[in-house]
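Novice:
2 protein chains.
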Amino acid sequence: MAIQVGVTIDRSSPVPLYHQLAEQLSMAIASGRLQPGDPFENEVALAERLNLSRPTVRRAIQELVNQGLLVRRRGLGTTVANRKVHRRAELTSLYDDLMRVGGRPSTVVLSHEVVCDERVAAALDLPADAELLSIVRLRLSDDRPLAIMRNWLPPGHLDVTRAELEAEGLYGVLRRRGVRPVVAHQTIGARTPTPSERRHLRLRPTEPVLTMTRVAFDAVGSAVEYGDHCYRAQDYSIEVMVDQR
Amino acid sequence: MAIQVGVTIDRSSPVPLYHQLAEQLSMAIASGRLQPGDPFENEVALAERLNLSRPTVRRAIQELVNQGLLVRRRGLGTTVANRKVHRRAELTSLYDDLMRVGGRPSTVVLSHEVVCDERVAAALDLPADAELLSIVRLRLSDDRPLAIMRNWLPPGHLDVTRAELEAEGLYGVLRRRGVRPVVAHQTIGARTPTPSERRHLRLRPTEPVLTMTRVAFDAVGSAVEYGDHCYRAQDYSIEVMVDQR
DNA sequence: TATGAAAATATGTTAGGACAAACTCTTGAC
DNA sequence: GTCAAGAGTTTGTCCTAACATATTTTCATA
Numbered sequence: 121m122a123i124q125v126g127v128t129i130d131r132s133s134p135v136p137l138y139h140q141l142a143e144q145l146s147m148a149i150a151s152g153r154l155q156p157g158d159p160f161e162n163e164v165a166l167a168e169r170l171n172l173s174r175p176t177v178r179r180a181i182q183e184l185v186n187q188g189l190l191v192r193r194r195g196l197g198t199t200v201a202n203r204k205v206h207r208r209a210e211l212t213s214l215y216d217d218l219m220r221v222g223g224r225p226s227t228v229v230l231s232h233e234v235v236c237d238e239r240v241a242a243a244l245d246l247p248a249d250a251e252l253l254s255i256v257r258l259r260l261s262d263d264r265p266l267a268i269m270r271n272w273l274p275p276g277h278l279d280v281t282r283a284e285l286e287a288e289g290l291y292g293v294l295r296r297r298g299v300r301p302v303v304a305h306q307t308i309g310a311r312t313p314t315p316s317e318r319r320h321l322r323l324r325p326t327e328p329v330l331t332m333t334r335v336a337f338d339a340v341g342s343a344v345e346y347g348d349h350c351y352r353a354q355d356y357s358i359e360v361m362v363d364q365r
Numbered sequence: 121m122a123i124q125v126g127v128t129i130d131r132s133s134p135v136p137l138y139h140q141l142a143e144q145l146s147m148a149i150a151s152g153r154l155q156p157g158d159p160f161e162n163e164v165a166l167a168e169r170l171n172l173s174r175p176t177v178r179r180a181i182q183e184l185v186n187q188g189l190l191v192r193r194r195g196l197g198t199t200v201a202n203r204k205v206h207r208r209a210e211l212t213s214l215y216d217d218l219m220r221v222g223g224r225p226s227t228v229v230l231s232h233e234v235v236c237d238e239r240v241a242a243a244l245d246l247p248a249d250a251e252l253l254s255i256v257r258l259r260l261s262d263d264r265p266l267a268i269m270r271n272w273l274p275p276g277h278l279d280v281t282r283a284e285l286e287a288e289g290l291y292g293v294l295r296r297r298g299v300r301p302v303v304a305h306q307t308i309g310a311r312t313p314t315p316s317e318r319r320h321l322r323l324r325p326t327e328p329v330l331t332m333t334r335v336a337f338d339a340v341g342s343a344v345e346y347g348d349h350c351y352r353a354q355d356y357s358i359e360v361m362v363d364q365r
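Taken in sequence, the protein lines are chains A and B. Its first residue numbered 121, the first sequence is counted upward by one per residue in the numbering used here. Its first residue numbered 121, the second sequence is counted upward by one per residue in the numbering used here.
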């Protein structure tokens, strides 16, 4: 019937019990130990077996339900969800994307200066005269140009260097500084490139570019980044997961 | 200090108490009664005032935190989040989008037939020989062509009619049938249009189209829809909210 | 045999209490 | 006057307990 997943709980750990449980169950699903459609051990039994309270077990399961890994139905039980419904929370950058796919990303910083920009400041919820670090980069994958990325960073990160950006990608640099973007608004469109863009991206006359502008914030609502990117449409598409709760 | 929001709880309602509370608090924020940065009444006090238990109040607040409406910090208290961080869960269709903006959307069904398509079936996690309803529509806004939408519906919805589709939009039709898409994977790109697309969308020679392919599933993981759309890039962009929890 | 009522099963909601941990602010010692 | 310890506040974690509700299964009855 229900499959019993091996779980070890360390009560002396600072990691909350419900999270320890959620992690291990999540791994059991990711590893294929639990297959889509498999019935899941019910809450009460699981709590009893692990010597945890039902609320604790419930919270762990809820975490997985939120990720789309499990489906609960009252009266029926909990089952492992269809793999297509699994959703990784993600707020990735192009650099991360390329790394994951196995490309060899590199970056040329085309420009790097402190500026004021009323429009960007407004989008980031900053005063109009706020000093911003403006960065323009050309991103290459295996030495082929892929994207031109214009970014603006809020005051407090004006000291990000060219070298950092060429080594690691913007989101990596920010992560290292303890910045955790939590929510972003993106607008995606398409247009014909400007002559300068066409040259940098080595585009043929009729080829379009895919554009994305993004504002990102951390959990407290502080501005993290404003970005205005354009991509070679032949070589890049944007993957998005949308969900409703 | 902390602002007390007027809340009335109906214990005889079938709506869970925590949800009643969450809704009313959410409205207080949406209406501007609570402003970003405002301190929020603490959990214990709120529970006492409303004669609810702390877990119930906590759950309501958690709901708002998940939506990005509130920010909690241990020892400090809960505050209303910056408006930029608010996130509406959404899985909208072009029809909904146009309605919201105030456009006058209309639809012409270009084709409507039952087919088999191995590639689409695979994407929807259906057997390769599954019968699908293939729909091709031209979407207009104020009588100007805006998008060509190719969609495939799984067996079980083969009886959707042309009239339904012209009246309401695909997601409306599905909603009416009790289908609730919960998660979708979208891939967004750009390309030069085919001659047929150029003609239907009345595009000038060099204008590109924005493309989106989408697979949508319900909570149980059953296929809901496969879509392959292309939009006039001049008149349309795709808004996405990305978040990390 | 078919139908409906009851039992079994599992998740959903709510309550109340205890202690832990993070953060602020005050107070006291040097 | 500065710095550190401690008190106070608030959210975070965890437990026990009870009842509600949705769904399937079983069983008795017509």
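Even for Gly, the Cβ is constructed at its ideal location relative to N, Cα and C.
Drop a sphere of 10 angstroms on the beta-carbon of D279/B, count the other beta-carbons inside from all chains shown, and report buried for 16 or more, exposed for fewer.
Specialist: Per the 10 Å Cβ criterion, exposed.
Novice: Considering only the beta carbon of each residue, do C350/B and A243/B sit closer than 8 Å?
Specialist: Their beta carbons are not under 8 Å apart, which means C350/B does not touch A243/B by this criterion.
Novice: Among V228/B, Q182/B, L258/B and L218/B, which has the Cα closest to the Cα of E317/B?
Specialist: Minimum Cα distance to E317/B is reached at L258/B.
Novice: On the premise that E286/B lies in contact with V293/B, defined as a C-beta separation below 8 Å, what is that separation, rounded to the nearest angstrom?
Specialist: Their Cβ separation, rounded to whole angstroms, is 10 Å, which puts V293/B and E286/B out of contact at 8 Å.
Novice: Where does the unbroken alpha helix (DSSP H) through R161/A begin, and where does it stop?
Specialist: Checking the sequence, you will find Glu at residue 161/A rather than Arg. E161/A -> no alpha helix (DSSP H), and no H or E assigned at all.
Novice: Let me know if S213/A comes out buried or exposed under the rule of 16 or more other beta-carbons within 10 Å of its beta-carbon.
Specialist: It is buried - the Cβ of S213/A has at least 16 other Cβ atoms within 10 Å.
Novice: Can you find a CB in chain A that lies within less than 8 Å of the CB of Q124/B?
Specialist: Not one chain A Cβ lies under 8 Å of Q124/B.
Novice: Is the distance from the Cβ of F160/A to the Cβ of T128/A below 8 Å?
Specialist: No, Cβ-Cβ distance for F160/A and T128/A is not below 8 Å.
Novice: For a contact meaning CB atoms closer than 9 Å, what does T306/B contact in chain A?
Specialist: According to the sequence displayed, residue 306/B carries Gln and not Thr. Chain A residues near Q306/B: I358, E359, V360, M361 and V362.
Novice: Could you tell me the alpha carbon to alpha carbon distance between V299/B and R131/B, rounded to whole angstroms?
Specialist: Between V299/B and R131/B, the C-alpha separation is close to 30 Å.
Novice: Helix, strand or coil: how does DSSP classify P175/B here?
Specialist: Correct three-state label for P175/B: helix.
Novice: Could you give the distance in angstroms between the alpha-carbon of P175/B and the alpha-carbon of G188/A?
Specialist: About 24 Å.
Novice: Taking the alpha helix (DSSP H) that I367/B belongs to, which residues open and close that run?
Specialist: Not covered by the structure: residue 367/B. The range shown for chain B is 121 to 365.
Novice: To the nearest angstrom, how far is the alpha carbon of V329/A from that of D217/A?
Specialist: Taking the straight line joining both Cα atoms gives about 18 Å.
Novice: DSSP three-state call for E233/A: helix, strand or coil?
Specialist: In the structure shown, E233/A sits in a strand (DSSP, three-state: E or B).
Novice: Going by alpha carbons, who is nearest to H139/B out of P274/B, P225/B, I181/B and V205/B?
Specialist: The shortest C-alpha separation from H139/B is found at I181/B.
Novice: Going along the chain, which residues of its own chain have a beta-carbon closer than 6 Å to the beta-carbon of T307/B, five neighbours each way excluded?
Specialist: Cβ within range, chain order: T333.
Novice: Mark T281/A as exposed unless 16 or more other C-beta atoms lie within 10 angstroms of its C-beta, in which case mark it buried.
Specialist: Exposed, since its Cβ has fewer than 16 Cβ neighbours within 10 Å.
Novice: Give the residues of chain B in contact with G309/A, contact being defined as C-beta atoms less than 7 Å apart.
Specialist: Going along chain B in sequence order, the residues near G309/A (Cβ under 7 Å) are L330, A353 and S357.
Novice: Can you name, in chain order, every residue of its own chain whose Cβ lies under 7 Å from the Cβ of N202/A, other than the five neighbours on each side?
Specialist: The residues are P156.
Novice: Which same chain residues end up closer than 7 Å to E238/B when comparing Cβ atoms and leaving out the 5 residues on each side of it in sequence?
Specialist: Counting only Cβ-Cβ distances below 7 Å, and skipping sequence neighbours, we find A248.
Novice: DSSP state of R300/A, grouped into three classes?
Specialist: The answer is coil: DSSP assigns R300/A none of H, G, I, E or B.
Novice: Output, in chain order, the set of chain A residues within a Cβ distance shorter than 7 Å of G188/B.
Specialist: What G188/B touches in chain A: V303.
Novice: Please list, in chain order, the chain A residues whose beta carbon lies closer than 7 Å to that of A339/B.
Specialist: Per Cβ cutoff of 7 Å: V191.
Novice: Less than 8 Å between the beta carbons of L253/B and W272/B, yes or no?
Specialist: Cβ atoms of L253/B and W272/B: closer than 8 Å.
Novice: Using only CA atoms, which one of S173/A, L154/A and I149/A lies nearest to L137/A?
Specialist: Per the Cα distances, S173/A.
Novice: When DSSP labels each residue in this structure, what does V205/B get in the three-state scheme?
Specialist: Helix, per DSSP.
Novice: Secondary structure at S316/B, three-state DSSP: helix, strand or coil?
Specialist: Correct three-state label for S316/B: helix.
Novice: Cβ closer than 7 Å: which chain B residues qualify as neighbours of T128/A?
Specialist: The premise fails here: T128/A is roughly 25 Å from chain B at the closest Cβ pair, so nothing lies under 7 Å.
Novice: Can you tell me whether A248/B is helix, strand or coil according to DSSP?
Specialist: Looking at A248/B - three-state DSSP - the assignment turns out to be coil, as it is neither helix nor strand.
Novice: When the distance is taken between beta carbons, is V302/B closer than 8 Å to D338/B?
Specialist: Going by C-beta atoms, D338/B is nearer than 8 Å to V302/B.
Novice: With which residues is G309/A paired in a DSSP beta bridge?
Specialist: Its beta-bridge partners are T331/A.
Novice: For V360/B and Y346/A, I'd like the C-alpha separation in whole angstroms.
Specialist: Their Cα atoms are separated by approximately 15 Å.
Novice: Three-state secondary structure (DSSP) at R295/A?
Specialist: Helix.
Novice: So what does DSSP say about A167/B, is it helix, strand or coil?
Specialist: In this structure, A167/B counts as helix in the three-state DSSP scheme.
Novice: Would N202/A pass as an interface residue toward chain B - the criterion being a Cβ-Cβ separation below 8 Å?
Specialist: Taking Cβ atoms only, chain B reaches closer than 8 Å to N202/A, which makes this a yes.
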